[in-house]
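Chemist:
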Ligand code: SF4
Ligand code: SF4
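Chains as they are written, first to last, in our numbering: chain A, 793 to 1236; chain B, 480 to 621.
1) What in chain B is Cβ-close to residue 1150/A, meaning under 8 angstroms?
2) In whole angstroms, what separates the C-alpha of residue 813/A from that of residue 1005/A?
3) Hey, residue 759/A and residue 1131/A: beta-carbon distance below 8 angstroms or not?
4) Taking a cut-off of 7 angstroms, which residues have a beta-carbon closer than that to any heavy atom of ligand 1, in chain order?
5) Could you give the residue range of the alpha helix (DSSP H) that holds residue 575/B?
6) Using 7 angstroms as the cut-off, classify the Cβ of residue 988/A as near or not near the heavy atoms of ligand 2, replying yes or no.
7) If you reduce the DSSP assignment to three classes, tell me which class residue 532/B lands in.
8) Can you tell me whether residue 982/A is helix, strand or coil according to DSSP?
9) Given that a residue counts as buried once 16 or more other Cβ atoms are within 10 Å of its Cβ, and exposed if not, what is residue 594/B?
10) Under 7 angstroms: does the beta carbon of residue 1093/A sit that close to some heavy atom of ligand 2?
11) Have a look at residue 499/B and residue 601/B and give me their C-alpha separation to the nearest angstrom.
12) What residue range does the alpha helix (DSSP H) around residue 481/B cover?
13) State buried or exposed for residue 1236/A, treating a residue as buried only when at least 16 other CB atoms are found within 10 Å of its CB.
14) So the alpha helix (DSSP H) residue 1030/A belongs to, where does it begin and stop?
15) Looking only at its own chain, which residues have a Cβ that is under 6 angstroms from the Cβ of residue 1044/A, when we skip the five neighbours before and after it?
16) Counting pairs of Cβ atoms below 8 angstroms between the stretch 849 to 863 of chain A and the stretch 940 to 958 of chain A, do you hit three or more?
17) Applying a beta-carbon distance threshold of less than 8 angstroms, which residues of chain A neighbour residue 499/B?
18) Locate the beta strand (DSSP E) running through residue 610/B, then write down its first and last residues.
19) Around the C-beta of residue 1105/A, are 16 or more other C-beta atoms found within 10 angstroms, so that it is buried, or is it exposed?
20) Is it true that the stretch 1072 to 1092 of chain A meets the stretch 1119 to 1136 of chain A, where meeting means three or more beta-carbon pairs spaced less than 8 angstroms apart?
21) What residue from 999/A, 1034/A and 990/A has the CA that sits closest to residue 1116/A's CA?
22) Out of curiosity, what's the CA-to-CA distance linking residue 614/B and residue 545/B?
23) Would you kindly work out how many angstroms separate the C-alpha atoms of residue 1188/A and residue 1079/A, rounded to a whole number?
24) In whole angstroms, give me the CA-to-CA distance for residue 902/A and residue 920/A.
25) Determine whether the Cβ of residue 1168/A lies closer than 8 angstroms to any Cβ atom of chain B.
26) Evaluate contact between the stretch 1140 to 1160 of chain A and the stretch 1174 to 1191 of chain A, counting only Cβ atoms and requiring at least three cross-stretch pairs below 8 angstroms.
27) What is the DSSP secondary structure of residue 944/A, counted as helix, strand or coil?
28) Pull up the CB-CB distance for residue 868/A and residue 900/A, whole angstroms please, since I reckon it's below 8 angstroms.
29) For the stretch 939 to 955 of chain A, which residues have a beta carbon sitting closer than 9 angstroms to at least one beta carbon of chain B?
30) State the DSSP-derived secondary structure class of residue 1005/A, mapped to helix, strand or coil.
31) Could you give the first and the last residue of the continuous beta strand (DSSP E) run that contains residue 871/A?
32) Taking CB distances under 8 angstroms as the criterion, tell me whether residue 1108/A reaches chain B.
33) Can you tell me which of the three DSSP states residue 1193/A falls into?
34) Answer with yes or no whether the minimum CB distance from residue 568/B to chain A is below 8 angstroms.
35) Have a look at 1177/A, 892/A, 815/A and 1152/A and flag the residue whose alpha-carbon is nearest the alpha-carbon of residue 1016/A.
36) To the nearest angstrom, report how far apart residue 598/B and residue 580/B are at their CA atoms.
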């Protein structure tokens, strides 16, 4: 199996093997072995659910540090729209961008601007004939979820790049034009709300990514707050309109595009429910589905510092304020090919028991037999998310029946019984000798 | 190998469970993406038909490397005119069921569209049997 890059990693020293994360993972990608969580790499979709649930902060996201800016002659920050919702309402985007610039970037390009361009491209795309409902490509965790669990629906995903990629490309082109820089001299850094975007940069869905790195929103938050209060920070003009900024929260994308009927779903487990419905052939009366892995959308990302509900109110206020303002003229590409994904999104069939189908069928029979025999409590003590998953792990050769504490106890009981039985038995030689002794004693 | 599920009439909360389990099994076996998609739709529609129209029934999935066979047998009112029932949009589901978004008369046509072979027999006031076959063709060809 091909090696995948993952942003989500485990801090071995912090993990207690408590099994909280294995239950929550939407692709059953985590096991606890030897008292530590273990991520099955090819199944992980980097959604960050385990980062959220872990009570010991043992799951973390690998992101880039500001140190990496030094590797480039010219650096550009790409703030995700969700960043604006992390600050108090009195702090406007101009000030936030100014603070960001003081962290060492040469320029800023707002992802909200890219989102506006993508909204136009989407409107265009929706005019053409496609399988229904079309599914948004914006959340990489959802796209990866579909590769693993819903490969039959991949053809529903719009073949359009994400606002992050489009912004990065626009930012690069601008820098090349303005300053005559070479492509490799420019470092573009996304200010990310989630690990899924980091993975999407290192392992893009298209031919390549225009982004060089990702900096976690929560890591630089403290510094940003600090800079906001500094007298040296000067506001930077914000070009974002309401429609682009709205992409930062659930429902915002649908708001920005025009179609007859759309549906917005957020939270990975709700997304799964809706995808299941589509897979059964339902919901084809809907034109467009906006699906986001995080509850609330990107403002609820695993790497955002602010509470989701607080962020949501702030976001709504900002969008309202922006929509009452005159929109600033933007020069955005019109050519549909500019936005196209350059590669098809292919399935990642990671569930298969075996490459050989007949062998897989007999293995499945074995899984059924073992599942039947397990207690069905799904307690997770075995380190697998459910009894059924343990059965699959056993058949794949990654676990043993004795991992189940109930099965282990059953075996111990049998063993104990056997020991009792054995202890009652006497060696034949010795037994007879004593018998004789006793008899002899009696007669005496 | 074979999977069997008992389906209760009118139990909408559990509708779809059997189909979901069949899908998971087919993915574990490594069936083609299209085979899984079609088998899931056939199983789901057949399961729903039992829930909506019958008193109770049984759904069986027989998995072979080259095909999936889905059988649905129910005890119920049966179908008086199968040809009519195969028409898109024709439904005998009562209004309360339609209000729930089910029984739009797409069940049997969907099953037909997704199966390579389909046999339906029915006896009024007894029940209905359905046998759908989906071949596991390598992707690309029809
Ligand atoms: S939730 Fe997972 S990663 Fe966190 S301590 Fe428990 S087992 Fe370890
Ligand atoms: S909803 Fe947004 S923050 Fe959450 S995983 Fe998707 S892209 Fe990342």
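Even glycine gets a Cβ: it sits at the ideal position worked out from N, Cα and C.
Modeler: Taking the coordinates as given:
1) Result: 544.
2) 27 angstroms
3) No information on residue 759/A is available, as it lies outside the stretch 793 to 1236 that chain A covers here.
4) 802/A, 806/A, 807/A, 808/A, 809/A, 810/A, 811/A, 812/A, 813/A, 814/A, 822/A, 824/A, 828/A, 829/A, 842/A, 845/A, 846/A, 847/A, 848/A, 850/A and 851/A
5) 574 to 578
6) yes
7) Note: residue 532/B maps to helix in three-state DSSP.
8) strand
9) buried
10) It does: the Cβ of residue 1093/A is within 7 angstroms (strictly closer) of some heavy atom of ligand 2.
11) 26 angstroms
12) Careful: residue 481/B lies outside any alpha helix (DSSP H), inside the beta strand (DSSP E) at 481 to 487.
13) Because residue 1236/A carries a pLDDT of 48, less than 50, the predicted location of this residue cannot be relied on, and no value is offered for it.
14) That residue, residue 1030/A, is in no alpha helix (DSSP H); it is neither H nor E in DSSP.
15) 1038
16) Fewer than three Cβ pairs drawn from the stretch 849 to 863 of chain A and the stretch 940 to 958 of chain A lie within less than 8 angstroms of each other, which leaves the two stretches out of contact.
17) 1068
18) 606 to 614
19) exposed
20) Segments in contact, no.
21) 1034/A
22) 6 angstroms
23) 41 angstroms
24) 29 angstroms
25) no
26) yes
27) helix
28) A Cβ-Cβ distance of about 7 angstroms is found for the pair residue 868/A and residue 900/A, placing them in contact under the 8 angstroms criterion.
29) 941, 943, 944, 945 and 946
30) strand
31) 866 to 871
32) For residue 1108/A, no Cβ of chain B is located within less than 8 angstroms of the residue's own Cβ.
33) helix
34) no
35) 892/A
36) Roughly 27 angstroms between the two C-alpha positions.
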